[in-house]
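Position 10 (the sequence shown) corresponds to 11 in the numbering used here; numbering is contiguous.
The structure under discussion appears below in the form of structure tokens.
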Amino acid sequence: MNSIYKYILVLFATLSLWQQTTAQTQEYVIKAVFIERFARFIEWPITSKVSDTEKPFIIGVVGINPFGSELEKLYKNQTIKNKSVIIIYILDYKQIERCDMIYISKSEQTKVPLILEYCQNKPIITISDIEKSLEMGVHIAMGMQQNKVVFAINDKAFEKSQCKVDYRLKQYATQLQ
């Protein structure tokens with residue numbers, strides 16, 4: 002009888018873990034799609050490499066990759082700004098300069114100021130879901146509210162990067178709690 006209870010406990014624990022993993026995976030699938038949607042409503046300066054149609058659009062993931070293979074799947078046949086997309090996983094912060102957009106993973110929470118220093122005054126859009134990342138200076142912060150992915154925009158960061166965010170994207174931005 003005792004082994005039946007252990008079996009049931011293990012079953013419930015496994016189901017709970019599976020649900021959490023599935024929910025987190027779904028969250029990052031949505032966040033991966035948001036990255037492309039953000040790019041639609043951002044204008045990079047004419048002097049940036051985004052204007053060069055010969056070069057791909059590069060998205061960098063800084064830190065531990067929470068997306069799994071979702072970014073590669075999504076951008077395999079997708080374009081951004083009429084350019085092919087390359088996903089790179091950044092181990093050395095000097096690689097950030099190659100990117101048009103970067104996603105800063107939660108694993109890099111203590112290093113956000115250093116990462117933003119590499120992006121300072123450059124047309125590299127920074128995105129993160131680290132708590133208080135907007136206050137730290139990222140362009141776009143994402144979060145979860147009422148089981149929905151939401152985002153907030155840092156106008157000052159956009160001004161410094163010389164990138165412009167379309168008012169239509171701002172309409173959907175929210176205040177992260």
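Just so it is clear, CB atoms sit at the ideal spot from N, CA and C, and this is done for glycine as well.
Remember, predicted model here, so these are calculated numbers, not experimental data.
Ile91 and Arg169 have their alpha carbons spaced roughly 31 Å apart. Going by DSSP, Ile47 is part of no alpha helix (DSSP H) at all; its letter is neither H nor E. Boundaries of the beta strand (DSSP E) around Gln146: Ile141 to Gln146. In the three-state reduction of the DSSP assignment, Ala174 falls in the coil class.
Taking one beta carbon from each stretch, the region 145-162 and the region 51-63 have fewer than 3 pairs nearer than 8 Å; the two do not touch. In this structure Lys82 touches Val51 by the C-beta definition: roughly 6 Å separates them, less than 8 Å. Its chain contains Tyr29 and Ala33 as the residues whose beta carbon lies nearer than 6 Å to that of Phe68, once the 5 sequence neighbours on both sides are disregarded; these appear in chain order. Distance between Glu136 and Gln172, taken at the CA atoms: about 20 Å.
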